[in-house]
Amino acid sequence: MTQTNAPKMAAKDVHVFYGDNHAVKGISLELRRNEVMALIGPSGCGKSTFLRCLNRMNDTVASCRVEGNITLDNEDIYAPKIDVVQLRARVGMVFQKPNPFPKSIYDNVAYGPRIHGLATSRTDLDEIVATALEKAGLWNEVKDRLESPGTALSGGQQQRLCIARAIAVNPEVILMDEPCSALDPIATAKVEALIDELKEGYAIAIVTHSMQQAARVSQKTAFFHMGDLVELGDTTQIFTAPKKERTRDYITGRFG
Amino acid sequence: MSDNADFRPTDWGSDKMQARLRNRYRKERTFRVAGFAAVIAAGLFLVSLLFSIVRDGSMGFLQTSVDLDVTFSAEILGDPRAMTPEAFDEGVRRVNMQRLLLSALTDYFPEATSRRDQRALLKLVSTGARDQLRQMVLDKPDIVGTKQTVRLLAADDIDQLRKGKIDADAHENDRKVKDQELGWYKKLVADDRISLNFHTEFLTSGDSREPELAGIWGATVGSALTLMVTLLIAFPVGVLTAIYLEEFAPKNRITDFIEVNINNLAAVPSIVFGLLGLALFLGVMNLPRSAPLVGGLTLALMTLPTIIIASRASIKAVPPSIRDAARGLGASPMQVVFHHVVPLAMPGILTGTIIGMAQALGETAPLLMIGMVAFIVDIPGGVTDAATALPVQIYLWADSPERAFVEKTSAAIMVLLAFLIAMNGVAIWLRQKFERHW
Amino acid sequence: MTNSAIFFVLVLLALVAFATARQRSLRVVDGDTAKLHSLPRHYGYFAATCVLVPGLLVLALWLMFGKSIIEGLVVNGLPDAIQAEYADRITLLLNRIRLVVENASTQETNVDILAAAERFHSLYLKGLWAAFSLSASFGLVGLYTAINRTKADFRARNVFERVLNALLILSSVIAIATTLGIVGSLLFESLRFFAEVPLGDFLFGLKWSPQTALRADQVGASGSFGAVPLFAGTFMISLLAMLVAGPIGLMSAIYLTQYASTRMRRIAKPALEILAGVPTVVYGFFAALTIAPLFRDTGEFLGLDIASESALAAGFVMGIMIIPFVSSLSDDAITAVPRSLRDGSLALGATPSETITKVLVPAALPGIVGAFLLAISRAVGETMIVVMAAGMQPNLTANPFEAVTTVTVQIVALLTGDQEFDSAKTLSAFALGLVLFVITMGLNIFALRIVRKYREAYD
């Protein structure tokens, strides 16, 4: 339990532009290990865009431009010497819609370790896959059918498979972009429980639409509105005693 | 799981990992270069195809001429002032114009006296030169008795020599033009009597065995007649089928079958349609062989799937709200379709039709099957006359042994491609102009 | 009197019917159209239909069967001696007669033939007049009925729409009729061929030499119809074509969808479309005139013996022709893979090429396989390139430097030029056509099924 308080990732004054559209305006925040940070706010407020800057997924959008400074372990991730392949291995991502590859459950989880060469032998790989699936709470459900296609699982299972897939690469940060928005309540509950468990060991950022979810899983909450970071604080504080009026209006459901 | 000691970050900085990463990036680069090379290769193929056609073809539009001083002697032609115009014309039609030519040539090359030399002399000009002279006399009988400098078509060998396709420096045995002719040719060049001009006859005359006389007008007319028949059949049938399948057909096994059937028909090799045309239109129905009518019918069956598929897509794209609105005003289903849906879908239908017609225009194999490969000099006057089509003409010329036909073939291809580009251009224009986003 | 004259008379009659019925519909309600069930022009349409449908039906029947019936009559009317002489070559006899009828051939001396031609001519004229009077009177009857039925409460529009509906159905049936026609004509002629040449000999025979001698005692009198060399040649050229088109088409589709800038796509896609729009005869010319000599000279330079009509040149150019086909279908297949899969892979730290080869291509594989199958079917059925560049010798060889011949080349060779319709030589072309049809159809159905299943998986 060392250095829990040192920030894993830190963003300072981050701006994102899509062509002429100024989508994110000067965001600064920090992600820490053993902590879940919830990013909330109305649709189109820039929270997903910001999240995608943290592992440079915005690179795949041609018109997107990022300004400001984002560091991982005090290294600028937009510095030229930083390798985006490595960065993404260290900063994993789970998407809104479960997107398992059309491969077997085993191959889905083994995909990352294979491309990065994390396993030295078949037994090694088996172990990585099993551990990842265990961590994702999916092992007991799928251990007898690792060779069946990942797409054949239920929605909730698929999302946990995607989490397992991300974990298998041994990331340090996990970014989740509305991971439960496509799931039913029971599956959502399972994934939320999983996030809560996972925070031990990882720094997690989760974008969510649901304030209840943010309250349930996160320790810190950041409220975004129209590209601005309106308020950032402990989750309990944000939900019980928001300092800003906009935050209060949003939380009480006056807009959004 | 909650034990943090478990967690060991991967050592990305290790030599092994770095080497692996370098390797992965090398593969990435190789892959990317391979993809780029594939695109470039496809582009190069296109460029070299077009280049080789244009290089040969541009010469095909030009033709070498020889300027000769021809004496239109009244002895040979008869005196127009001494007889009735009819008798004169009749006489001129019978006269062997070779005599005029020969005297003009021997005047110019007095050294050629032997019969053999004179025969060789005549080979300098095209066989079409006689008709050229005859036509001059018929057009203007006053010419008789005068001496005129006439620009006559050169024979194909001289033409090739002028265009540099025959190497004058090669050994005599290795080239088609012998030293004697070469000498005459050089004299003509020295006197500035050889010229290279735009060859209008290429665009306006029918086929010929002589490259310098062959033209594509006959084939063009044949293609036009064939396409007309194709359009008249395929357009209404295709559009009506599309309307039925899209708007009226019940969704059942039969319509499913029709749909699968149309998709498959679109991929049946064109030559099979030719076999169908041969067996059905020529065999069973006894329609005339080599006729644009049969070619058009065959190509219509072939283009039908293209038109149906494009029309259906276009009809489907008309939003249901339009139908609902028209129906709400009390229009019958037929009126809804023919007054509202079809006019809105028309640009798409026309685009598909033009593309289908372009396909039909470039098609050769089915026309070979139904006998449109005959050597036809006359310009066809109707859909039942024997005719050939542009692509078939290209095929026929490509098969000719004469070197001069290579450039004629390429030139014909340029004309065909021009037609195709124009048609596709119209299709693209239509699509862009009338494209609606509902 | 000609066929087109009959047609024009019918059209004229239909116009008259339209105008009269329209006028009459207005008259029966004294110009108050509100009292009519349908619009005046619907009565007109109805009347025009009543004239055209029966009239055109008669004309069509006459066009389809008239000549054949008359020819039958004429042949039967000929003296037995001539009939016996041409017993199994009726077409030849008919051609002889036709020649006299059409060109007033002066070379014909046989009195019987001349008489037959005369008879044909007079019968044909009679038939023409009969067709005319029959279709015209049918049209008139239609006109009369239509005018009679033009009353205020007559539902002209509904009736007319029913006719229109029938026309729509009829059009749709033509597509099926075409397939049936293809299958029917190919099967019919093939069966006649297989009556002479056993199916086994055709499918498994190793020697193809369809030249039948004129007299039974000549060498090679029977010809041999072993199609294996043709199948092998077709296979080899298609394989060569796919070796060119497969990698280039697939890789350019990948590059254009995954790497290329918008600008490059804007240039490359139309270029590929042009490549796809070039007529095959142009490719054939290019193969025969540019590529084949180039390959032969290169081969000479390298010490290889490449024939001037080599399978290699034909296959290579056919490959170029198929590139846009493979490329655009693969493009569709790859772009159909949801973006989320690509993002998922990239987010795990995969490089673009790893994402493509390990996720996108496997996910798009059914579509890509479908594209390749359709491309193969295209290559198998392609005619002009091989006719112009592959040669005629039925070589059974695995050497791509030699000349080979294909199914399509032989079909063209057998059916162009002088031919008698009934000889085994001509009929064999239909048997080859049948094989071609079955193979391409099978490939297509299979490919379309794969592609459709795959689309459903992502829709």
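Residue numbers (our numbering), protein chains in the order written: chain X, 303 to 558; chain Y, 3 to 440; chain S, 2 to 460.
The beta-carbon is built from N, C-alpha and C at its ideal position, and this holds for glycine as well.
What you are looking at is a predicted structure, and each value in this text was computed from that prediction instead of being measured.
Do the region 285 to 303 of chain Y and the region 424 to 439 of chain S touch if we need at least three Cβ pairs shorter than 8 Å?
no
Residues in the same chain with beta-carbon distance under 7 Å from residue 327 of chain X, minus the five sequence neighbours each way, listed in chain order, please.
Residues 317, 529, 530 of the same chain have their beta carbon placed closer than 7 Å to that of residue 327 of chain X, with the five preceding and five following residues left out of the count.
Reference residue 385 of chain X, options S:23, S:352, S:93, S:227, closest by Cα
S:352
Looking at C-alpha atoms only, which residue of X:456, X:397, X:540 is the closest neighbour of residue 514 of chain X?
X:540
Between residue 481 of chain Y and the rest of its own chain, which residues show a CB-CB distance below 6 Å, the 5 nearest in sequence each way excluded?
The displayed coordinates of chain Y run from 3 to 440. Any statement about residue 481 of chain Y would go beyond what the structure contains.
Measure from the C-beta of residue 272 of chain X to each C-beta in chain S and report whether the shortest distance is under 8 Å.
It is not possible to answer for residue 272 of chain X, since the shown part of chain X is limited to 303 through 558.
In chain Y, what lies closer than 7 Å to residue 419 of chain X by C-beta?
The answer, in chain order, is 22.
Over the uninterrupted beta strand (DSSP E) stretch that includes residue 85 of chain Y, give me the two end residues.
Premise fails: residue 85 of chain Y is in no beta strand (DSSP E) and is neither H nor E.
Kindly indicate if chain S contains any beta-carbon less than 8 Å away from that of residue 391 of chain X.
Closer than 8 Å: yes.
Inter-stretch contact (C-beta, 8 Å, three-pair minimum) for the region 297 to 316 of chain S and the region 67 to 87 of chain Y:
no
Can you tell me whether residue 376 of chain S is buried or exposed? The criterion is at least 16 other CB atoms within 10 Å of its CB, across all chains shown.
buried
Determine the direct distance from the alpha carbon of residue 412 of chain Y to that of residue 187 of chain Y, and round the result to whole angstroms.
26 Å
Anything in chain A within Cβ reach of residue 61 of chain Y, meaning under 7 Å, just list it in chain order.
Absent here is chain A; the protein component of the structure consists of chains X, Y and S.
Under 8 Å Cβ-Cβ, which residues of chain Y neighbour residue 127 of chain S?
Neighbours of residue 127 of chain S on chain Y: none; closest Cβ ~18 Å, over 8 Å.
Does the beta carbon of residue 442 of chain S sit closer than 8 Å to a beta carbon anywhere in chain Y?
yes
What does a CB cutoff of less than 7 Å around residue 225 of chain Y pick up in its chain, not counting 5 residues either side in sequence?
363, 391, 392
For residue 41 of chain Y and residue 277 of chain Y, what's the separation of their Cα atoms in angstroms?
Taking the CA atoms as reference points, residue 41 of chain Y sits about 37 Å from residue 277 of chain Y.
Output, in sequence order along the chain, the residues in the region 64 to 75 of chain S whose CB is closer than 7 Å to any CB in chain Y.
65, 68, 69
Backbone secondary structure at residue 111 of chain S - three-state DSSP
coil
I want to know whether the region 302 to 310 of chain S touches the region 318 to 336 of chain S - three or more CB-CB distances under 8 Å.
In short, these stretches do not touch, since the Cβ pair count stays below three.
Neighbourhood of residue 257 of chain Y by C-beta, 6 Å cutoff - its chain only, sequence neighbours within 5 removed
If we look at residue 257 of chain Y and ignore the five residues flanking it on each side, its Cβ neighbours are 251.
Does the CB of residue 305 of chain X have a neighbour CB from chain Y at under 8 Å?
The predicted model places residue 305 of chain X with a pLDDT of 48, which falls under 50 and marks its position as unreliable; any figure quoted below should be read in that light. Cβ-Cβ to chain Y under 8 Å: no for residue 305 of chain X.
I'd like the list of long-range same chain contacts for residue 5 of chain Y, defined as Cβ closer than 8 Å, with 5 residues on each side in sequence excluded.
Low per-residue confidence applies at residue 5 of chain Y: pLDDT is 42, beneath 50, and the placement is therefore not dependable enough to give any value.
With C-beta atoms as the reference, is residue 476 of chain X less than 8 Å away from residue 455 of chain X?
no
Classify residue 318 of chain S as helix, strand or coil using the three-state DSSP reduction.
helix
Taking only runs that begin and end inside the region 256 to 291 of chain S, name each unbroken alpha helix (DSSP H) of 4 or more residues, in chain order.
263 to 278, 281 to 287
Length of the line joining the Cα atoms of residue 536 of chain X and residue 448 of chain S
58 Å
Taking C-alpha atoms, which residue in S:403, S:255, S:354, S:268 lies nearest to residue 296 of chain S?
S:403
By the 10 Å Cβ neighbour count, where 16 or more other Cβ atoms means buried, how is residue 60 of chain Y classified, buried or exposed?
Residue 60 of chain Y should be labelled exposed.
Taking residue 66 of chain Y as part of the alpha helix (DSSP H), name the residues at either end of that continuous run.
No alpha helix (DSSP H) contains residue 66 of chain Y, which is instead part of the beta strand (DSSP E) from 64 to 73.
Need the endpoints of the beta strand (DSSP E) that residue 482 of chain X sits in, please.
No beta strand (DSSP E) holds residue 482 of chain X; DSSP gives it neither H nor E.
Quick one: Cα of residue 247 of chain S to Cα of residue 196 of chain Y, how far?
51 Å
Hey, which unbroken runs of the beta strand (DSSP E) at 3 residues or more fall wholly within the region 176 to 201 of chain Y?
196 to 200
Identify the contact partners of residue 54 of chain Y in chain S, using a Cβ-Cβ distance below 8 Å as the criterion.
287, 290, 291
Assigned secondary structure, residue 301 of chain Y (DSSP; H/G/I helix, E/B strand, else coil)
helix
Contact under 8 Å by Cβ, residue 213 of chain Y with residue 272 of chain Y:
no
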